[in-house]
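If you count the sequence shown from 1, position 348 lands on 738 in this note's numbering, and the numbers rise without skipping.
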Amino acid sequence: MLLQGLRESWDLDSIFSGGSRSEELLSAISSIEAQLAALNKKVEDFQFSEESFQVIVKDVQETAALLNECISYVGCLAAQDVNDKQALNLRGKLESMNAAYTTILVLLDNKMAEIPDEEWNEALQSEYLSSIAFSLNERRNLASQKLSYEQEALMNDLAVDGYHSWSTLYDTVVGKIGIEVELSGKKETLSVGQAENRMTSADRQERETVFAKYTEAWDQQGDYCAEALNHIAGFRNSLYKHRKWDEVLKEPLDINRMSADTLNAMWQAIEENKGLFVSYLDRKASLLGLDKLSWHDVDAPLSSADSKMSYDEAANFIVEQFQSFSPKMAEFSKQAFEKQWIEAEDRTGKRPGGFCTGFPVKNETRIFMTFSGTPSNVSTLAHELGHAFHSYVMEDMPYLATDYAMNVAETASTFAEMVVSDAAVKNAKTKEEKIALLEDKAQRSVAFFMNIHARFLFETRFYEERKKGLVPVERLNELMAEAQKEAFCGSLESYHPYFWASKLHFYITDVPFYNFPYTFGYLFSACIYAIAKIEGSSFEEKYIALLRDTASMTVEELAMKHLNEDVTKPAFWKKGIEVAMEDVKEFLELTK
Numbered sequence: 391m392l393l394q395g396l397r398e399s400w401d402l403d404s405i406f407s408g409g410s411r412s413e414e415l416l417s418a419i420s421s422i423e424a425q426l427a428a429l430n431k432k433v434e435d436f437q438f439s440e441e442s443f444q445v446i447v448k449d450v451q452e453t454a455a456l457l458n459e460c461i462s463y464v465g466c467l468a469a470q471d472v473n474d475k476q477a478l479n480l481r482g483k484l485e486s487m488n489a490a491y492t493t494i495l496v497l498l499d500n501k502m503a504e505i506p507d508e509e510w511n512e513a514l515q516s517e518y519l520s521s522i523a524f525s526l527n528e529r530r531n532l533a534s535q536k537l538s539y540e541q542e543a544l545m546n547d548l549a550v551d552g553y554h555s556w557s558t559l560y561d562t563v564v565g566k567i568g569i570e571v572e573l574s575g576k577k578e579t580l581s582v583g584q585a586e587n588r589m590t591s592a593d594r595q596e597r598e599t600v601f602a603k604y605t606e607a608w609d610q611q612g613d614y615c616a617e618a619l620n621h622i623a624g625f626r627n628s629l630y631k632h633r634k635w636d637e638v639l640k641e642p643l644d645i646n647r648m649s650a651d652t653l654n655a656m657w658q659a660i661e662e663n664k665g666l667f668v669s670y671l672d673r674k675a676s677l678l679g680l681d682k683l684s685w686h687d688v689d690a691p692l693s694s695a696d697s698k699m700s701y702d703e704a705a706n707f708i709v710e711q712f713q714s715f716s717p718k719m720a721e722f723s724k725q726a727f728e729k730q731w732i733e734a735e736d737r738t739g740k741r742p743g744g745f746c747t748g749f750p751v752k753n754e755t756r757i758f759m760t761f762s763g764t765p766s767n768v769s770t771l772a773h774e775l776g777h778a779f780h781s782y783v784m785e786d787m788p789y790l791a792t793d794y795a796m797n798v799a800e801t802a803s804t805f806a807e808m809v810v811s812d813a814a815v816k817n818a819k820t821k822e823e824k825i826a827l828l829e830d831k832a833q834r835s836v837a838f839f840m841n842i843h844a845r846f847l848f849e850t851r852f853y854e855e856r857k858k859g860l861v862p863v864e865r866l867n868e869l870m871a872e873a874q875k876e877a878f879c880g881s882l883e884s885y886h887p888y889f890w891a892s893k894l895h896f897y898i899t900d901v902p903f904y905n906f907p908y909t910f911g912y913l914f915s916a917c918i919y920a921i922a923k924i925e926g927s928s929f930e931e932k933y934i935a936l937l938r939d940t941a942s943m944t945v946e947e948l949a950m951k952h953l954n955e956d957v958t959k960p961a962f963w964k965k966g967i968e969v970a971m972e973d974v975k976e977f978l979e980l981t982k
């Protein structure tokens with residue numbers, strides 16, 4: 391049955407009715423405050439017994455679920471209407487409550503670390519705790535590697551107006567940047583986001599003009615950005631020093647539940663197989679009439695091929711393609727469209743970008759994006775539905791068993807996107823359209839294998855230099871240009887030295903090293919996709935089983951259990967790279 395007459399705005403009333411003035415929402419927030427107070431008292435008074443520990447863990451999971459229900463809802467309100475001041479106020483309140491919850495967990499983690507091993511292991515055999523044993527063991531082990539509770543709690547409190555405030559300052563600086571340009575005789579003042587969008591223009595003169603002014607703007611704000619970046623890194627380095635952590639990558643690797651061997655194997659495989667992607671960049675330069683691409687040419691369109699779909703057409707296309715790999719994913723996506731779980735309307739007043747967020751109490755998800763019918767929009771929609779399906783297959787699991795990391799979070803989403811983008815190429819009506827779609831896929835591979843590699847190289851080297859003292863703007867520019875030249879194999883004519891200033895990800899303080907997990911997710915998904923293409927719909931149950939285990943084991947264990955693959959060896963990652971290579975080979979053949 392075809393999907394038709396779909397609404398492009400989401401329904402949030404099934405979560406809490408009434409928007410940011412919702413009485414249900416305010417009541418839930420009051421409940422969380424009471425739960426936090428009670429939980430804090432229980433944890434402070436905790437003396438280990440299996441029964442009392444189970445009660446506390448149950449309370450932890452229930453509090454976390456309701457807290458995240460409210461955080462997700464308010465996030466949706468703020469995204470759909472950037473002028474909803476009440477939603478912004480509530481978000482601030484919930485962030486403070488989340489910080490209080492985190493501090494309670496720090497105390498609990500420390501108390502878990504004090505439980506004798508024999509009693510601990512015996513408790514985890516119980517029916518209730520065995521399903522979340524991995525998460526509890528992980529928290530207990532990490533607590534033993536950190537500072538005392540008092541020191542960690544103090545660090546969390548001081549970080550609000552110290553560490554995290556540098557990230558907030560950066561956001562403030564970026565929000566005030568106005569980039570004045572003159573295009574076609576008309577003067578305009580562009581925001582950072584608008585300027586970045588203009589650099590995908592088909593007009594090279596426009597790209598050059600905007601990029602020059604864009605770079606000038608970052609040069610003017612360079613000192614402020616350098617202050618923020620230096621102090622964010624300085625905080626992390628100092629914290630790691632006191633925890634006696636020698637490697638700056640220890641925390642991001644722990645968060646992503648992966649080993650240094652796995653990370654090194656991934657980058658090794660990429661570095662050994664960049665040649666074909668350099669050929670793609672050379673061919674693109676030739677097609678654009680250039681000897682070499684400059685930084686502002688990498689994302690430039692090759693043609694004006696413009697195949698658009700209506701929202702209904704996109705929904706049906708996505709569901710049809712999902713059906714061939716996973717009937718359950720197709721059925722779930724159909725339900726998401728019909729139940730209005732997707733905010734896709736193209737209107738003013740919305741925040742940019744896209745996301746998927748979960749509601750663990752109601753067992754629902756919501757997807758946010760702005761749909762205008764482009765192939766990129768269709769891919770984004772499939773990507774976010776992949777995230778939603780990941781949450782859906784875990785909805786019957788305990789809350790602590792659903793807390794998967796960023797690297798595997800990108801697995802289901804990128805897999806879904808690959809299914810749909812592959813089908814779009816096969817269904818292209820003209821050669822020009824096919825080239826445009828293949829070029830879009832090749833461009834994504836370059837982003838994961840070269841652009842993100844440059845970010846990783848820059849950040850690891852910057853953190854080492856930061857240990858010796860503040861790193862000035864000039865040196866930051868040098869480090870970035872060197873990293874870009876290395877990551878792009880010297881294939882570009884010019885680079886973007888101020889990329890360290892313009893990339894928000896370097897200033898995110900929630901998680902460190904917001905770069906390599908993207909590449910991991912992309913390649914891990916590609917490897918899974920290669921297997922799925924061979925096995926077809928029979929792969930579905932294996933795929934769902936893998937998704938359900940994403941928060942219950944390391945990535946090395948996950949790959950070995952479900953794929954019988956060793957991710958610590960470059961050979962595994964080469965399989966994913968070969969999937970991307972097929973697109974580039976077809977692109978090169980069609981553009982001879």
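Ideal placement from N, C-alpha and C gives every residue a C-beta, glycine not left out.
Predicted model, so just to flag it, every value in this text is computed and none were measured.
Query                                                                                                                                                               : Result
Cα-Cα, which of Ala935, Glu864, Leu790, Glu972 is closest to Lys525?                                                                                                : Per the sequence shown, the amino acid found at residue 525 is Ser instead of Lys. Of the candidates Ala935, Glu864, Leu790, Glu972, the one whose C-alpha sits nearest the C-alpha of Ser525 is Leu790.
With DSSP as the reference, label Leu498 as helix, strand or coil.                                                                                                  : helix
Would you call the CB atoms of Lys740 and Ala970 closer than 8 Å?                                                                                                   : no
Give me the Cα-Cα distance between Glu504 and Lys536, rounded to the nearest whole angstrom.                                                                        : 13 Å
Please classify Lys501 as buried or exposed, where buried requires at least 16 neighbouring CB atoms within 10 angstroms.                                           : buried
Using 8 Å as the threshold, is the C-beta distance between Glu735 and Glu398 below it?                                                                              : yes
With DSSP collapsed to three states, give me the class of Leu396.                                                                                                   : coil
Taking just the CA atoms, how far does Gly748 sit from Glu662?                                                                                                      : 38 Å
Kindly indicate the opening and closing residues of the alpha helix (DSSP H) around Lys431.                                                                         : 413-434
Output the boundary residues of the beta strand (DSSP E) element that contains Phe749.                                                                              : 745-749
By the 10 Å Cβ neighbour count, where 16 or more other Cβ atoms means buried, how is Gly744 classified, buried or exposed?                                          : buried
Since Gly776 and Phe805 are thought to touch, with beta carbons under 8 Å apart, how far apart are those beta carbons, to the nearest angstrom?                     : 6 Å
To the nearest angstrom, how far is it from the Cα of Lys923 to the Cα of Phe715?                                                                                   : 8 Å
Let's see if you can read the secondary structure: which residues bound the beta strand (DSSP E) around Phe758?                                                     : 754-758
How far does the beta strand (DSSP E) with Thr577 in it extend, from its first residue to its last?                                                                 : As written in the sequence, residue 577 is Lys, which differs from the Thr given in the question. Segment 576-580, the beta strand (DSSP E) holding Lys577.
Use the C-beta contact count for Asp551: other C-beta atoms within 10 angstroms, 16 or more gives buried, fewer gives exposed.                                      : exposed
Look up Leu653 in the DSSP assignment and say whether it is helix, strand or coil.                                                                                  : helix
Going by the beta-carbon positions, is the gap between Leu495 and Tyr463 smaller than 8 Å?                                                                          : no
Measuring alpha carbon to alpha carbon, tell me which residue in Pro506, Glu617, Asp401 is nearest Ser439.                                                          : Pro506
Leaving out five residues before and five after Leu480 in sequence, what residues of the same chain have Cβ atoms less than 7 Å from its Cβ?                        : Ser410, Val464
Flag this pair as touching only if the region 595-611 and the region 682-689 have three or more C-beta atom pairs under 8 Å; answer yes or no.                      : yes
Once you ignore the five residues that flank Glu800 on each side, which residues in its own chain have a CB closer than 6 Å to its CB?                              : Gly911
Please report how far the alpha carbon of Lys718 lies from the alpha carbon of Glu931, in whole angstroms.                                                          : 10 Å
For Met648, which residues from the same chain have a beta carbon less than 6 Å from its beta carbon, with the 5 sequence-adjacent residues on both sides left out? : Val945
What does the Cβ neighbour count give for Asp435, buried or exposed, with the cut at 16 atoms within 10 Å?                                                          : exposed
How far does the alpha helix (DSSP H) with Ile505 in it extend, from its first residue to its last?                                                                 : Looking at the DSSP string, Ile505 is not in any alpha helix (DSSP H), and its letter there is neither H nor E.
Count the other CB atoms, across all protein chains shown, that sit within 10 Å of the CB of Leu894; report buried if there are 16 or more and exposed otherwise.   : exposed
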